[in-house]
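See structure below.
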Amino acid sequence: MLNFKTSLKKTALSIATGSLMLGMAMSAPATAKTFEPQQVTDMLHLVLESDRTIYTKKVVKRLANKHKVIKATENFEDDKSLPLPAQMFRFGSEAVADKTDKFSYSLLSLWPINKQNKPTTELEKKGLEYINANKGKNFYGEETLGGKKYFTAVYADVAVATPCVGCHNNHKDTPKKDFKMGDVMGGVVIRIPLK
Amino acid sequence: MSRNILFWLLWLTGTIAIGGYLTTTMFYNGDRSSLLIGKTTSGHHQIELSCNTCHGNGFTDGDTIQKACLSCHENELKVSKDSHPIKKFRDPRNAARLEQLNAMKCVTCHTEHKPELVSSMGMGVTIPKDYCFKCHADVGKDRPLTHKGLNFEGCASSGCHNYHDNRALYENFLEKHAKQPEMKLTQLIKNLNYEKLSEEYGGLKRGNPLNLTEANAPKEHINQELLDTWHDDAHAKNGVNCSSCHQPNKEKQAWIKKPGIAVCATCHKEENKSFLAGKHGMRLAPNMLQSKADPFGLFKEKKLSPMRPELARLPMKQSAHGTELTCNTCHSVGKNNHKFNIQKAKVQACISCHDDEHSKAYLTSPHHELWQKELKGELPKGSGVTCATCHMPRIAVEDEYENEVFIITHNQNDNLRPNEKMIRSVCSSCHGLQFSIDSLADPNLIKKNFHGRSAFKIESIDWVLKRSSKPEENK
């Protein structure tokens, strides 16, 4: 219980720090230091990736895989189980989208279980292919969607815990069954509208 | 004055008079039925003359209409675990999709005043038939075993998918409940003890029972029948005194002789909210206006009158015409007493107005037989199936703090359309999933009030089982 609380606290702290940094970046007056879109997406990604890793390791892997006290399933409300890490990520992104259009993010893959999470724009496809071929590197670009110009950053989403690999390799809808630990499984796409 | 000038003057006066009349009618008061641009859907026809409710001041943009939709339907969508909530489409990566089908706006699919677009799917609103195609065109390729070559017009009309509410249709649910028998071993309605389930979050505040001498009404308002019926009924038994309803605010209020719906709502909050969202009470919702106050004081704000059976599109009994629908219409028994018989509101009140085939067939249906047995004590409480069991089920809703509260919903439309919404809240108390899906898919069986068997077999469960038994073929 103590461990869980600590991890919650850590998560809360990292979210708070991230929000603060983002707030500074977004509301900086003209005279103060301004941040380039890339710096902002890098900072955002740091928060997103840390929270995502902590949830996967300290909550899902520990409780579902190690201690087997609860499962993590897609229909977590009916199953009275934990939301899947990908769902946690999406819920956050949808909650953000309900509050602001100053930035948006999503988790996509070239091999998604849910087909709606495959790339839909040219740049997404290019970005996902790039981060897959160039391990450790991020992808940055600009694209126009719905008449608006966006700065788009794509970051590798790597298999950091056994449940990531286990679940994706065994799911009946997965198009790829040979993921290994450390593999790039998909990418986090962050967008900031320009102007 | 030349004839020309006279004609011009007449034309000008006429134009101003007609223009003024139409403008006044449109914005403030008058017979607006001539302004309707097409038959309103059965979901909205009761409130069609309260134009401002949806259109704002008359020159509003799509956002105002969208807000109007959500002001009545947002909670319903939340409770139904909407599969396609607007928030899913906010991400700019959906821009190309939204150009095809703007899923951010309700009116993209649910067009009003265009009866020619109302599909045959038995819905109260218009819905296009093949909208799934816009985003799910690849489903045949992704699921060759089950979806290859399927017609997109069938997605939402064959008992398989809904756009919003898939609580009883999603794949894992179908798989989990695939092998259920037609009749379950225990057949009792769900959430029978709904009041207890909600106690954790406050529920109704219940006080100590009051005795006859504690009644606090002034003498001139009291007589023995009123006192006795109050004392024997739920209100006195739960500490609700005379003044609680007749003078809730002693400092500022005179004695209210006939407390209205607003007084009931002070305690029965969620029931009231759901009543105002359904067809019995929607005309009484706070924003439904028959006329609006104007800046010069010519017109006063006037609310729509309560619903009356003769205003309905469903067949209603002649004898019920003129009855105004408020809480007491269904809940009070007789005049000048304080009996609030909840049994009356389960069947008797309904059939005193409703005169359609389904309602009439209820009285000879197997469900009614169970209800009679329950009343006689031959079956345990919760075994009978009344009109209210199916149309006003005990369900969980969320209060303003997103706490789950169990109530008897008074929105009798909520689980009707699409009717698969009824599976979890009602049918599954007693019946297996396949049996429920099939039964709800047969309009004739519904007319006969489920006397007999469905003529249809919906294949969704078979397909799910086929897919899960041969996972290798799914890619």
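Quick mapping for you: the protein sequence lines, in order, are chains A and B.
In terms of our numbering, the first sequence is residues 22 to 216.
In terms of our numbering, the second sequence is residues 14 to 488.
Backbone N, C-alpha and C define an ideal beta-carbon position, used for all residues, glycine too.
Cross-strand partners of residue i (DSSP beta bridge)
{"i": "F172 of chain A", "result": "A:E163 and A:I213"}
{"i": "S2 of chain A", "result": "Given a span of 22 to 216 for chain A in the structure shown, any question on residue 2 of chain A remains unanswerable."}
{"i": "V439 of chain B", "result": "Beta-bridge pairing links V439 of chain B to no other residue."}
{"i": "S304 of chain B", "result": "B:K315"}
{"i": "M329 of chain B", "result": "B:H367"}
{"i": "I408 of chain B", "result": "B:I420"}
{"i": "V205 of chain A", "result": "A:V179"}
{"i": "F1 of chain B", "result": "Past the boundaries of the shown model lies residue 1 of chain B; chain B is included only from 14 to 488, so the question cannot be answered."}
{"i": "H444 of chain B", "result": "B:M196"}
Which of helix, strand or coil DSSP assigns to residue i
{"i": "A177 of chain A", "result": "strand"}
{"i": "F489 of chain B", "result": "Missing from the structure shown is residue 489 of chain B; chain B here goes from 14 to 488 and no further."}
{"i": "I459 of chain B", "result": "helix"}
{"i": "S133 of chain B", "result": "Residue confidence is low: S133 of chain B scores 49 on pLDDT, short of 50, so the model does not pin down where it sits. Its coordinate-derived value is still stated next. It is coil, neither helix nor strand."}
{"i": "F102 of chain B", "result": "helix"}
{"i": "F112 of chain A", "result": "helix"}
{"i": "S1 of chain B", "result": "Residue 1 of chain B is absent from the model: chain B starts at 14 and stops at 488."}
{"i": "T73 of chain B", "result": "coil"}
{"i": "L103 of chain A", "result": "strand"}
{"i": "S93 of chain A", "result": "This sequence places Ala at residue 93 of chain A; Ser is not what is there. Strand, per DSSP."}
{"i": "I269 of chain B", "result": "coil"}
{"i": "E433 of chain B", "result": "helix"}
{"i": "M295 of chain B", "result": "helix"}
{"i": "K87 of chain A", "result": "helix"}
{"i": "K250 of chain B", "result": "helix"}
{"i": "T54 of chain B", "result": "coil"}
{"i": "S211 of chain B", "result": "helix"}
{"i": "R219 of chain B", "result": "coil"}
{"i": "T339 of chain B", "result": "coil"}
{"i": "K232 of chain B", "result": "helix"}
{"i": "M22 of chain A", "result": "Because M22 of chain A sits at a pLDDT of 41, beneath the cut-off of 50, its placement in the model cannot be relied upon, and the following sentence gives the value as read from the coordinates. Three-state result, M22 of chain A: coil."}
{"i": "G187 of chain A", "result": "helix"}
{"i": "K33 of chain B", "result": "The question names Lys, yet the displayed sequence has Gly at residue 33 of chain B. DSSP places G33 of chain B in helix when its eight states are reduced to three."}
{"i": "G153 of chain B", "result": "helix"}
{"i": "S481 of chain B", "result": "helix"}
{"i": "A491 of chain B", "result": "Past the boundaries of the shown model lies residue 491 of chain B; chain B is included only from 14 to 488, so the question cannot be answered."}
{"i": "D95 of chain B", "result": "coil"}
Inter-residue CB distance, residue i and residue j (contact presumed, cutoff 8 Å)
{"i": "T54 of chain B", "j": "E129 of chain B", "result": "12 Å between Cβ atoms; not a contact."}
{"i": "S125 of chain A", "j": "P105 of chain B", "result": "6 Å"}
{"i": "L158 of chain B", "j": "K479 of chain B", "result": "6 Å"}
{"i": "C173 of chain B", "j": "S473 of chain B", "result": "5 Å"}
{"i": "E433 of chain B", "j": "N175 of chain B", "result": "6 Å"}
{"i": "R219 of chain B", "j": "N251 of chain B", "result": "5 Å"}
{"i": "F288 of chain B", "j": "H371 of chain B", "result": "In fact, because the Cβ distance is near 21 Å, the residues do not count as touching under 8 Å."}
{"i": "V410 of chain B", "j": "E323 of chain B", "result": "That belief does not hold up - the Cβ atoms of V410 of chain B and E323 of chain B are roughly 31 Å apart, past 8 Å."}
{"i": "V209 of chain A", "j": "Y171 of chain A", "result": "So it is not a contact: roughly 15 Å between Cβ atoms."}
{"i": "K203 of chain B", "j": "S442 of chain B", "result": "5 Å"}
{"i": "M320 of chain B", "j": "H293 of chain B", "result": "6 Å"}
{"i": "H380 of chain B", "j": "N457 of chain B", "result": "So it is not a contact: roughly 17 Å between Cβ atoms."}
{"i": "E166 of chain B", "j": "K142 of chain B", "result": "4 Å"}
Residue i: CB within 8 Å of a non-hydrogen atom of the ligand GDP
{"i": "V418 of chain B", "result": "As far as ligands go, the structure on display features none, and thus does not contain the ligand GDP."}
Residue environment, residue i, which counts as buried when at least 16 other CB atoms sit within 10 Å
{"i": "A50 of chain B", "result": "Just to set this straight, residue 50 of chain B is Ile in the shown sequence, not Ala. Exposed, by the Cβ-count rule."}
{"i": "F309 of chain B", "result": "exposed"}
{"i": "R16 of chain B", "result": "exposed"}
{"i": "K313 of chain B", "result": "exposed"}
{"i": "L11 of chain B", "result": "An answer regarding residue 11 of chain B cannot be provided, because it is not within the stretch 14 to 488 covered by chain B."}
{"i": "A116 of chain B", "result": "buried"}
{"i": "T21 of chain B", "result": "One detail in the question is off: residue 21 of chain B reads as Trp in this sequence, not Thr. Per the 10 Å Cβ criterion, exposed."}
{"i": "H88 of chain A", "result": "exposed"}
{"i": "A118 of chain A", "result": "buried"}
{"i": "K82 of chain A", "result": "buried"}
{"i": "Q59 of chain B", "result": "buried"}
{"i": "N416 of chain B", "result": "exposed"}
{"i": "S133 of chain B", "result": "Because S133 of chain B sits at a pLDDT of 49, beneath the cut-off of 50, its placement in the model cannot be relied upon, and the point is left open."}
{"i": "A29 of chain B", "result": "Just to set this straight, residue 29 of chain B is Ile in the shown sequence, not Ala. Under this definition I29 of chain B is an exposed residue."}
{"i": "D178 of chain B", "result": "buried"}
Taking a Cβ distance cut-off of 9 Å, strictly less, list which residues of the region 126-152 of chain A are near chain B, in chain order.
-> Answer set for the region 126-152 of chain A: Y126, S127, L129, K136, Q137, P140, T141, T142 and E145.
Residues within the region 320-342 of chain B neighbouring chain A, beta-carbon criterion of under 8 Å | Here the close residues number zero.
Under 8 Å (Cβ pairs) to chain A, residues found in the region 402-430 of chain B = Within the region 402-430 of chain B, no residue has a Cβ that lies closer than 8 Å to any Cβ of chain A.
Mind checking the region 59-84 of chain A against chain B and listing, in chain order, the residues whose C-beta falls within less than 9 Å of any C-beta there?
-> Those residues of the region 59-84 of chain A that come within reach of chain B (Cβ to Cβ, closer than 9 Å) do not exist; the list is empty.
If you measure beta-carbon to beta-carbon, which residues of the region 442-458 of chain B are closer than 8 Å to chain A?
-> Listed by position, the residues of the region 442-458 of chain B near chain A (Cβ gap below 8 Å) amount to none.
Give the residues from the region 96-107 of chain B that approach chain A closer than 7 Å (Cβ to any Cβ), ordered along the chain.
-> Answer in chain order: K100, K101, R103, D104, P105 and R106.
Residues of the region 148-175 of chain B with Cβ closer than 7 Å to any Cβ of chain A, in chain order | Listed by position, the residues of the region 148-175 of chain B near chain A (Cβ gap below 7 Å) are D151 and D155.
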